[in-house]
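Undergrad: Here's a structure for you.
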Amino acid sequence: MGSHNKVVVLDNGGGLLKAGIGGDHSPTAVVPNCLGRPPSSKKWLSGDQLLSSDDHTSVSLRRPLDRGYLVNPDLQKEIWDRVLHHLLLLSDDDLRSSSLLLVEPLLNLPSARRASDELVFEDFGFSSLYVADPPSLVHLHHHHHHHCSLVVDCGFSFAHAAPVLEGFTLNYGVRRLDIGGKALTNHLKELVSYRSINVMDETLLIDQAKERLCFVSLDVPRDLRLSRIRGRDNPFRCTYVLPDGVNHMRGFVKDEEEAQRYLSLPPEGEQDARRIEDEVMDDAQRREERKRSILAENEFSLTNERFLVPEMLFHPADLGMNEAGLAECIVRSVDACHPYLHPVLFESIVLSGGSTLFPRFAERLERELRPLVCDDYKVKITTQEDPILGVWRGGSLLASTPDFEAMCVTKVEYEEYGSTRCRRRFFH
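Counting in my numbering, the sequence shown runs from 2 upward without gaps.
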């Protein structure tokens, strides 16, 4: 690869866009892939401006991707323009002499592919393009010394279980769960709005509350019982304070110590639950009226929502969704592959994506999987150092390999053969 030829690596996620230069360890920009407008502003702000803005209340959002697919190319062009020119500081001439490694969702639609190819070659004028899917890049970054791995990617729009063999994703083995970070945030918005205050317009704030306060339960029936304890003795109760626009402009957890109390509970066990319940119930009945804390109007408290929201990924049917849970999704993905691969895949599961960051996620997934997997097979789940950046880092590695340039489709080829024929090169 010529030394003059930069490779821009762009992981165009539904939630976060990660962009940087191939060969670097980390991306230069990690910003929300959307435009937002606070009520106080007349103009739409880009992702990086939103992050640095103080006003996160009632922000209207416009996203170029819906359910993982590019549906608004003009909006995507505006966002890429901001990222490439203002954050990566590349001029138009830089772009014309650069290659682009673009990460696209699995099972992408042909219309979305054509639209993104047009953006790449016609609007931004990149000299060449390589398109990769997330699992193969996670495998490259995390498990490149193994022949195969099963990448479980829980992102913003959906979750995938995808077997990767020798660096190639086996498309026939990919299984999708239509639940991602966006659905979890929406579910939390509904629960809070139904139980305390209307936060249906507060996507950014509830997103932050979800990331700070939600966790995965290892014993749901027990935790549901504990979460019924009234008042402050409830081990899951914690309070989130919304910005009031005067004293504080951002939402925050009222008492960090209180929010961490659940971690000192034994992970499971009925006796403990009964004992804790009995201990506090006598007290609670005596002091309940006195101790019930009065919430200010810009606060809401969470109890069982903290673990019922991530529970959607494991048991969507409990919420009336006609979907298999994540563990079953993984088993179906492995079953679609050759039997020789089954034991290897189950012991090389790699977690990727922001929705795997909930505390105890990996432990719970392993407990869900174990009964579904043949006793002779080991189940081993590994978490990446940074599940949000793993895909981008794999792309950065790939972009710095000597034969990367030969794998790309050039602008000349695109102009001669068109999008569909050029795409055949990427083994989708």
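Heads up, the beta-carbon is just placed ideally off N, CA and C, and yes, glycines get one too. No experiment lies behind these values; they were computed from the predicted model shown.
If I'm right that L18 touches G396 with Cβ under 8 Å, what's the distance once you round it to whole angstroms?
TA: L18 to G396, Cβ: 13 Å. No contact.
Undergrad: Using the Cα positions of G430 and I80, report the straight-line distance between them to the nearest angstrom.
TA: Residue 430 is absent from the model: the chain starts at 2 and stops at 429.
Undergrad: Are three or more beta carbon pairs between the stretch 40–54 and the stretch 108–127 nearer than 8 Å?
TA: Judged by Cβ distances under 8 Å, the stretch 40–54 makes no contact with the stretch 108–127, as fewer than three pairs qualify.
Undergrad: Using CA atoms only, rank isn't needed, just tell me which of L352, C338, R368 is closest to I389.
TA: Of L352, C338, R368, the residue nearest in Cα terms is L352.
Undergrad: Alpha carbon to alpha carbon, how far is L110 from L264?
TA: Each residue's Cα considered, the two are about 43 Å apart.
Undergrad: Please list the terminal residues of the continuous alpha helix (DSSP H) segment that includes V1.
TA: Within the shown structure, residues of the chain are numbered from 2 to 429, placing residue 1 beyond reach of any answer.
Undergrad: For my contact list, G174 and C338 are in at a C-beta cut-off of 8 Å; report their separation, rounded to the angstrom.
TA: That pair is a contact at about 5 Å.
Undergrad: Give me the residue from A407, V392, C423 with the minimum Cα distance to P28.
TA: P28 has its Cα closest to that of V392, out of A407, V392, C423.
Undergrad: Using the Cβ count rule (16 or more neighbours within 10 Å means buried), how would you classify T416?
TA: For the sequence presented, residue 416 should be read as Glu rather than Thr. Looking at its Cβ environment, which holds fewer than 16 other Cβ atoms inside 10 Å, E416 is exposed.
Undergrad: As a quick exercise: from G182, A133, L206, Y195, pick the residue whose alpha carbon is nearest that of N172.
TA: The shortest C-alpha separation from N172 is found at A133.
Undergrad: Examine the Cβ distances between the stretch 367–379 and the stretch 232–248 and report whether three or more of them are shorter than 8 Å.
TA: Taking 8 Å as the limit for Cβ pairs, the verdict is that the stretch 232–248 does not touch the stretch 367–379.
Undergrad: Measure how close the beta-carbons of L430 and V60 come, nearest whole angstrom, since I'm counting them as under 8 Å.
TA: In the structure as shown, the chain begins at 2 and stops at 429. Residue 430 is therefore absent and cannot be evaluated.
Undergrad: Assuming N235 is part of the beta strand (DSSP E), what are its boundary residues?
TA: No beta strand (DSSP E) contains N235, which DSSP labels as neither H nor E.
Undergrad: Give the secondary structure of D387 by DSSP, where H, G and I count as helix, E and B as strand, and everything else as coil.
TA: Correct three-state label for D387: coil.
Undergrad: Across which residues does DSSP place A20 in a beta bridge pair?
TA: Partner(s): L11, A30.
Undergrad: Using only alpha-carbon positions, find the residue among L120, R83, D49, N299 that is nearest to V72.
TA: Answer by Cα proximity: L120.
Undergrad: Assuming T357 and C215 make a contact with CB atoms under 8 Å, what is their CB distance in whole Å?
TA: The Cβ separation is near 12 Å, so there is no contact.
Undergrad: Considering only residues of the same chain and omitting the five flanking positions on each side of K292, which have a CB-CB separation below 7 Å?
TA: For K292, the predicted model reports a pLDDT of 46, less than 50, meaning its position is unreliable; a value from the coordinates is still stated below. Contacts found: G232, R233.
Undergrad: Please check the pair K412 and S128, which I expect to be a contact at CB under 8 Å, by giving their CB distance rounded to whole angstroms.
TA: With 8 Å as the limit, K412 and S128 qualify as a contact, their Cβ atoms being about 6 Å apart.
Undergrad: Can you give me the C-alpha to C-alpha distance between A20 and H86, rounded to a whole angstrom?
TA: Spanning the two alpha carbons is a distance of roughly 12 Å.
Undergrad: In the stretch 309–379, which residue ranges form an unbroken alpha helix (DSSP H) of at least 4 residues, counting only runs that do not cross its ends?
TA: With a minimum length of 4 residues, the continuous alpha helix (DSSP H) runs that stay inside the stretch 309–379 are 327–336, 343–347, 362–370.
Undergrad: State the Cα-Cα distance for the pair L130 and C409, rounded to the nearest angstrom.
TA: So the alpha carbons of these two residues sit roughly 5 Å apart.
Undergrad: Nearest by alpha-carbon distance to G16: which of K43, P106, V335, L178 is it?
TA: The shortest Cα separation from G16 among K43, P106, V335, L178 belongs to P106.
Undergrad: Take the Cβ of H249 as the centre, count every other Cβ of all protein chains shown within 10 Å, and call the residue buried at 16 or more, exposed below.
TA: So H249 counts as exposed.
Undergrad: Using a Cβ-Cβ cutoff of less than 7 Å, which residues in the same chain neighbour F359 once the five nearest sequence positions on both sides are dropped?
TA: Excluding sequence neighbours, F359 sits near C215, F216, V217, P311.
Undergrad: What is the DSSP secondary structure of C149, counted as helix, strand or coil?
TA: Strand, per DSSP.
Undergrad: Note down, in chain order, each residue of its chain lying with its Cβ closer than 7 Å to the Cβ of L266, except the 5 sequence neighbours on either side.
TA: Around L266: P236.
Undergrad: Quick check on V60: does DSSP put it in helix, strand or coil?
TA: V60 falls in the coil class under three-state DSSP.
Undergrad: F157 to L189, Cα distance in whole Å?
TA: Looking at the two C-alpha atoms, the distance is approximately 15 Å.
Undergrad: Just the Cα atoms here: how many angstroms apart are I22 and R196?
TA: Cα to Cα, the separation comes out at about 46 Å.
Undergrad: Note down, in chain order, each residue of its chain lying with its Cβ closer than 7 Å to the Cβ of V31, except the 5 sequence neighbours on either side.
TA: Counting only Cβ-Cβ distances below 7 Å, and skipping sequence neighbours, we find L17, K19.
Undergrad: Measure from the alpha carbon of G182 to the alpha carbon of each residue in E259, G354, L96, E406, then state which is nearest.
TA: Closest by alpha carbon: G354.
Undergrad: Check each candidate in I331, T304, C239, N6 and name the one with the smallest Cα separation from E259.
TA: That would be C239, whose Cα lies nearest to the Cα of E259.
Undergrad: Using 10 angstroms around the beta-carbon of T421, count the other beta-carbons present and answer buried if the total reaches 16, otherwise exposed.
TA: Result: exposed.
Undergrad: Taking the Cβ atom as the reference point for each residue, do V153 and H140 lie within a distance shorter than 8 Å?
TA: Not in contact: V153 and H140 (Cβ atoms no closer than 8 Å).
Undergrad: Which residue's Cα is closest to the Cα of R83: V104, K255, S47, Q261?
TA: With distances taken between Cα atoms, R83 lies closest to S47.
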